[in-house]
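In our numbering, the protein residues as written are 11 to 242.
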């Protein structure tokens, strides 16, 4: 019987070569390589996406607590809350602390205070500036740093003209308390000597002249005393 001759393909291992090399027309199975190429391409695409997303600002759905909003206080008394004065009193400006600054409020002092001498005026104003603010002023944001026990004493022999001696050394008061007192006294001409308020303490240190400047009013707590003048 005459048949068609079909050559058989016999696998033979080539020395030193891979086992999938065979006699006859050689073909290399491409399936594994195609899969590897696809995986590599997908990895490259993912890497590009990650890099691109890193260049922008990531959004988040998690709420962030930024803290409470800063409180706002008016630092101004409504006309209905202004302290009523008696007929024998006058309004005197007194500096209190509000929103980290010095702001004036009008306080009643005896009508004859301004003409009664520096010591009487200083004591009257000190009593007002160290007084705890009433409810209407507290609602507006006012407070005071001047200690309740502070007193004003007469000057001593040899002190410069216009000296006021405090029961505490001025430098020992807090920055805000000293700024309050100096600026309050600076509003009364009877307590100003050559443009400054002259203050001393109970010790032997010489009195010094203190100035109330715009910086003193704007930042009374900045850690420095009001501008000081050494008096001869």
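Glycine included, C-beta positions come from ideal geometry on N, C-alpha and C.
A quick note: this is a predicted structure, and the numbers were derived from the prediction, not measured.
Taking the Cα positions, residue 109 is about 15 Å away from residue 187. In the DSSP assignment, residue 117 falls within the unbroken beta strand (DSSP E) covering 111 to 120. The C-beta distance from residue 128 to residue 168 rounds to 17 Å, too long to meet the 8 Å contact threshold. At least 8 Å separates the beta-carbon of residue 220 from that of residue 230.
If you check the CB distance, residue 178 and residue 107 do not come in under 8 Å.
Annotated three-state conformation of residue 148 is helix, per DSSP.
In terms of CA proximity to residue 143, 105 leads the group 111, 166, 174 and 105. Taking a cut-off of 8 Å for Cβ pairs, the stretch 205 to 220 and the stretch 145 to 160 do not touch, as fewer than three such pairs fall below it. Leaving aside the five residues that flank residue 140 on each side, the residues in its chain whose CB is nearer than 7 Å to its CB run, in chain order, 154, 156, 157, 158 and 160. Between residue 181 and residue 232, the gap from beta carbon to beta carbon reaches 8 Å or more. Remark: C-beta atoms of residue 206 and residue 239 approach each other more closely than 8 Å. Annotation: residue 196 to residue 202 spans about 6 Å, alpha carbon to alpha carbon.
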